[in-house]
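Enquirer: This is the structure I have questions about; it appears just below.
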Ligand code: THU
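In my numbering, the protein residues as written are 1 to 141.
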């Protein structure tokens, strides 16, 4: 991916982070998911008083996109930080989100974990979830 495209996706993730609903952890996350034809779906984390009902930013973006007819994705940018603080660590997708993304992105999905538009890591879902279990595993031979 070109640097400009990466930075644009990071900006979209930061914009989505503003809507994070995090009364419990105060850890705000934003994600921006890119489709092959250049559409971007954003998401934030949405917490819940029954903690397990919390939804991560990545899955919010993914479910928004899939529920609107998207099935394939090329990249996702993720940003996260405690409210009012600047990032010291990049926010990597949690295990559940890696699995959820694997279903549609596969190992080739580009994952951008950013502290800022100038400070980010670019990797792939295959690196983050080696030997991932996906649709191919359920195909009959
Ligand atoms: N969270 C995300 O939204 N994405 C991640 O990749 C890591 C964790 C959220 C879940 C919860 O609302 C908060 O961050 C603290 O775990």
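We put the CB at the ideal spot given by N, CA and C, even for glycine.
Computed from a predicted model, the values in this text were never measured in an experiment.
Taking 7 Å as the limit between beta carbons, can you name the residues of its chain near residue 108, skipping five residues before and five after?
Expert: Position 108 of the chain shown, counted from the start, is the residue given in the question as residue 108. These residues qualify, in order along the chain: 124 and 126.
Enquirer: Would you say residue 54 and residue 44 are within 8 Å of each other, going by their C-beta atoms?
Expert: Reading the chain shown from its first residue, position 54 is the one you call residue 54. Reading the chain shown from its first residue, position 44 is the one you call residue 44. Their beta carbons are not under 8 Å apart, which means residue 54 does not touch residue 44 by this criterion.
Enquirer: Flag this pair as touching only if the stretch 34 to 49 and the stretch 88 to 105 have three or more C-beta atom pairs under 8 Å; answer yes or no.
Expert: The stretch 34 to 49 is not in contact with the stretch 88 to 105.
Enquirer: Out of 103, 115 and 81, point me to the one whose CA is closest to residue 138's CA.
Expert: By one-based count along the chain shown, residue 138 stands at place 138. Residue 138 has its Cα closest to that of 103, out of 103, 115 and 81.
Enquirer: Buried or exposed, going by whether 16 or more other CB atoms sit within 10 Å of the CB of residue 3?
Expert: Counting from 1 along the chain shown, the entry for residue 3 is found at position 3. By the neighbour-count rule (16 or more Cβ atoms within 10 Å), residue 3 is not buried but exposed.
Enquirer: Using only alpha-carbon positions, find the residue among 84, 26, 1 and 113 that is nearest to residue 146.
Expert: Residue 146 lies beyond the residue range present for the chain, which begins at 1 and ends at 141; the question has no answer from this structure.
Enquirer: Could you spell out where the beta strand (DSSP E) holding residue 115 opens and where it closes?
Expert: Stepping through the chain shown from its first residue, residue 115 is reached at position 115. Run containing residue 115: 110 to 116, per the beta strand (DSSP E) assignment.
Enquirer: For residue 111, verify whether its CB is less than 7 Å away from any heavy atom of the ligand THU.
Expert: Taking the chain shown and counting its residues from 1, the one referred to as residue 111 is at position 111. Checking the Cβ of residue 111 against the ligand THU gives no.
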